[in-house]
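Under my numbering, the first residue of the sequence shown is numbered 173, with each subsequent residue one higher.
Backbone N, C-alpha and C fix where the C-beta goes; we use that ideal spot for every residue, glycine too.
First comes the structure, then the notes that go with it.
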Amino acid sequence: MTTILDLPLHPLAVHAPIIFVALLVLLGAAYLLIPPLRQRVGWAAAILVFVAPATVYGSILTGQQFADFTYGAGKWPDEVQQHHDNAYWLLWTLLALIPVWFLFAGLDRGRRAALLRNGDAPKPAPSEDGETASGSDDPAAGGRKVIMFVIGLIALALLGLAAWWLFQTGHTGAEMVWGGVVQQ
């Protein structure tokens, strides 16, 4: 079992996912829901998309070592197994978020690039029937918006699911350690 100063690493390591997954959920939701913030928080959110699952994996690894040391390999109580399973659901949710996140970010970058190109373009001339054409020379703009909306909903759902699994994992762990200690 991995230790630091003769203490098991798992109780220390579990704090990293709490911080990084929570930050990912908050920054990720801001990135998805508030387009003007995307350039400001985009890089931080992109880094967190990789850091959060890495911290969850580290906590799972140290937790397995801790449980094997405490109870023996394959002899974990049901509460420990449930805590472990919740952590794996959190990890898989975060891993599923990675390609979805970068697909959305790539589409958003294409959207911003098209807007910049169109910013310098002259206004279109009226057509023969007096109607003015739209100011965009981006033929993919309409489809990109629809796809970004769908991918954004999926990313938002995965962020919400990650928040749920983070809560469930933390709650089962806290119940094991503190359940019954504080009585009212």
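Asked, Found
"Boundaries of the alpha helix (DSSP H) in which G314 is found, first to last residue", "313 to 350"
"Contact the stretch 227 to 236 vs the stretch 177 to 187: 3+ CB pairs below 8 Å", "yes"
"Where the alpha helix (DSSP H) containing D114 begins and where it ends", "It is not possible to answer for residue 114, since the shown part of the chain is limited to 173 through 356."
"Distance between D240 and K247 (C-alpha atoms, nearest Å)", "8 Å"
"Candidates Y229, L209, L338: closest to V193 by CA position", "L338"
"Inter-residue Cα distance where the pair is A313 and F274", "18 Å"
"Distance between P271 and H230 (C-alpha atoms, nearest Å)", "The question names His, but residue 230 in the sequence shown is Gly. Looking at the two C-alpha atoms, the distance is approximately 21 Å."
"Length of the line joining the Cα atoms of L287 and L198", "27 Å"
"CB-CB length for L220 against L204, believed under 8 Å", "No, L220 and L204 are not in contact; Cβ-Cβ is about 13 Å, not under 8 Å."
"Q340 to N290 span [Cα, whole Å]", "47 Å"
"H255, buried or exposed, once every other Cβ within 10 Å from all chains shown has been counted against 16", "buried"
"Identity of the residues DSSP links to I176 by a beta bridge", "L179"
"Helix, strand or coil at G200 according to DSSP, with G and I counted as helix", "helix"
"Distance between beta carbons of V228 and L263, contact taken as under 8 Å", "5 Å"
"Candidates G345, L266, R281, D280: closest to L331 by CA position", "L266"
"Three-state secondary structure assigned by DSSP to G246", "coil"
"Integer-rounded CB distance, given that L269 should sit under 8 Å from A327", "7 Å"
"Which listed residue (G214, W261, F238, A202) has its alpha carbon closest to that of P225", "W261"
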